[in-house]
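For the sequence shown, numbering that gives the first Met the number 0 assigns the number 352 to the last residue and increments by one with no breaks.
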Amino acid sequence: MSVYQATASAPVNIACIKYWGKRDTKLILPTNSSLSVTLDQDHLRSTTTSRADPSFKTDRLWLNGKEEEIKDVGRLSTCIKEMKRLRREVEDKNPNEPKLSTYGVHIASKNNFPTAAGLASSASGFAALVSSLAALYKLPATPSELSLISRQGSGSACRSLFGGYVAWEMGSASDGSDSLAIEVAPQSHWPDIHALICVVSDDKKGTSSTSGMQRTVETSPLLQHRIKHVVPERMEAIKKAILARDFDSFARITMQDSNQFHAVCLDTDPPIFYMNDVSRTIIAIITEYNRVSVENGGKLKAAYTYDAGPNAVIYAPKENLKEIISLIIKYFPQADAFKDPFNLFGAQGVGSG
Ligand code: PMV
């Protein structure tokens, strides 16, 4: 008897231009385009195995060994249904193909890092889920096509289908058919950029991105300014910086956008706070580090960015990493660098998925 099973893994991505706000909550269509870098290290990945079998009566999913409910109208079920629909197209074209779309599917997914700690676990999770189903169902789909489906699991997941430097173009179609991820440049174009992840806390975050975004869209006037007058130009400028390997511009835009994202959270009613005192101290350290460099006629040497949590991601050219780590350890001597990537500060390469 044949076994129909496939495994795929996907890495985390960290946005430089943040996605925050949905114009369609069901299809997960964003209020602005975004851009991220996909991390390429074994430390921050989701790995997912999917198996289809005629004896499986229902679809089931286990996350880190614990079964999760697949709600009828939920995001998991949307992604699985969409993948089965694409499988049906394959079966209709090739009548000899087994009818996997009619079988139940069992899915087991594992993150090798804390789930929902502001480390983009939903991004790698849904990207790995969609990739493993695409492999199981032998779909002839490109990463951009698959991104249309992983987007409906978690918006930022569409960007984890590519390695390197990735844009999520917001699109304008009401059915979401043009709201997809595209590669801006592969990791090999600019391999020198590394991401240093400072895990300030691995607790589950207080306000989920879904409810936070909804509140921001409903209440923040600053968000309206951001999506109309700030992000479109920033997207073009950062793409240009990446293509030109211009770290100074890349860093400036990344920090400005992180700051504005957290300003928008503060502008939400009631306000949302994702950063804490340690996060803000790391901002001060990087700001001072860059100030000294610029005052001595140099350029920016590092860029911080924060998602929906207190953990810092610091992007920097490889040559500056040692200096940055010693600076951070000077201020946080208890940080136990490079032993355990989740109680401490660990260097992550940036790269292809
Ligand atoms: O995809 P979600 O719903 O987890 O939202 C992610 C939002 C941010 O991480 C804060 C920004 C981004 O673009 O990744």
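All residues carry an ideal CB built from backbone N, CA and C; glycine is no exception.
Check whether residue i and residue j have beta carbons under 8 Å apart
{"i": "T30", "j": "A127", "result": "no"}
{"i": "Q151", "j": "L26", "result": "yes"}
{"i": "K317", "j": "D191", "result": "yes"}
{"i": "R50", "j": "A9", "result": "no"}
{"i": "C197", "j": "V129", "result": "no"}
{"i": "A166", "j": "M212", "result": "no"}
{"i": "P309", "j": "M274", "result": "yes"}
{"i": "I271", "j": "T209", "result": "no"}
{"i": "L85", "j": "A172", "result": "no"}
{"i": "K98", "j": "E88", "result": "no"}
{"i": "A240", "j": "I252", "result": "yes"}
{"i": "V291", "j": "L299", "result": "no"}
{"i": "L62", "j": "I69", "result": "no"}
{"i": "S121", "j": "S146", "result": "no"}
{"i": "T218", "j": "C264", "result": "no"}
{"i": "L353", "j": "I328", "result": "Nothing about residue 353 can be read from this structure; the chain reaches only from 0 to 352."}
{"i": "F112", "j": "S149", "result": "no"}
Coarse secondary structure for residue i, derived from DSSP in three states
{"i": "N258", "result": "helix"}
{"i": "L179", "result": "strand"}
{"i": "I271", "result": "coil"}
{"i": "E168", "result": "strand"}
{"i": "R244", "result": "coil"}
{"i": "S108", "result": "strand"}
{"i": "P220", "result": "helix"}
{"i": "T6", "result": "strand"}
{"i": "I27", "result": "coil"}
{"i": "G162", "result": "coil"}
{"i": "S42", "result": "The question names Ser, yet the displayed sequence has His at residue 42. It is coil, neither helix nor strand."}
{"i": "R22", "result": "strand"}
{"i": "Y314", "result": "strand"}
{"i": "V36", "result": "strand"}
{"i": "A115", "result": "Because A115 carries a pLDDT of 49, less than 50, the predicted location of this residue cannot be relied on, and no value is offered for it."}
{"i": "A14", "result": "strand"}
{"i": "A140", "result": "coil"}
{"i": "T47", "result": "strand"}
{"i": "D276", "result": "helix"}
{"i": "G124", "result": "helix"}
{"i": "G205", "result": "coil"}
{"i": "G152", "result": "coil"}
{"i": "D174", "result": "coil"}
{"i": "D91", "result": "helix"}
{"i": "P332", "result": "coil"}
{"i": "V349", "result": "Confidence at V349 is low in this model, with a pLDDT of 36, below 50, so its placement is unreliable and the value that follows should be read with caution. Of the three classes helix, strand and coil, the one that applies to V349 here is strand, per DSSP."}
Nearest to residue i (by Cα), restricted to the options the options
{"i": "S35", "options": "F249, S176 and Y273", "result": "F249"}
{"i": "E287", "options": "L326, T267 and E318", "result": "L326"}
{"i": "G20", "options": "S155, G205 and A133", "result": "S155"}
{"i": "H193", "options": "T6, L147, L38 and H105", "result": "L38"}
{"i": "L135", "options": "C264, M82 and A9", "result": "M82"}
{"i": "M254", "options": "I281, D52 and P270", "result": "I281"}
{"i": "K109", "options": "Y102, E90, S131 and G103", "result": "S131"}
{"i": "E232", "options": "R22, K298 and S33", "result": "S33"}
{"i": "F246", "options": "S120, I323, Y314 and D41", "result": "Y314"}
{"i": "Y330", "options": "F55, I284 and K298", "result": "I284"}
{"i": "I237", "options": "Y164, I324 and L99", "result": "Y164"}
{"i": "A7", "options": "V199, L160, D91 and R225", "result": "L160"}
{"i": "D41", "options": "G64, T215, S123 and D71", "result": "S123"}
{"i": "S200", "options": "E144, D276 and M169", "result": "D276"}
{"i": "G361", "options": "K298, D58, K300 and I69", "result": "There is simply no residue 361 to check, as the chain begins at 0 and stops at 352 in what is shown."}
{"i": "E144", "options": "S176, G297, L60 and H224", "result": "S176"}
{"i": "E96", "options": "E168, D202 and S1", "result": "S1"}
{"i": "A5", "options": "H105, A311 and K80", "result": "H105"}
{"i": "K92", "options": "L138, H224, V72 and S149", "result": "L138"}
{"i": "F55", "options": "L195, R158 and S100", "result": "S100"}
{"i": "R22", "options": "P94, H224, M169 and D71", "result": "M169"}
{"i": "N319", "options": "Q333, P332 and G297", "result": "G297"}
{"i": "A107", "options": "R279, P269, V230 and E67", "result": "E67"}
* To do: Mind listing, in chain order, the continuous beta strand (DSSP E) runs of no fewer than 3 residues lying wholly within the segment 57-81?
  => For the segment 57-81, whole beta strand (DSSP E) runs of length 3 or above, ordered along the chain, are 59-62 and 65-67.
* Stretch pair the segment 12-26 + the segment 295-311: three plus CB contacts closer than 8 Å -> yes
* Considering only residues of the segment 285-311, which uninterrupted beta strand (DSSP E) runs meet the minimum length of 3 residues and lie entirely inside it, listed in chain order? -> 302-305
* Asked: Between the segment 249-268 and the segment 174-183, do three or more beta carbon pairs fall short of 8 Å?
  -> no
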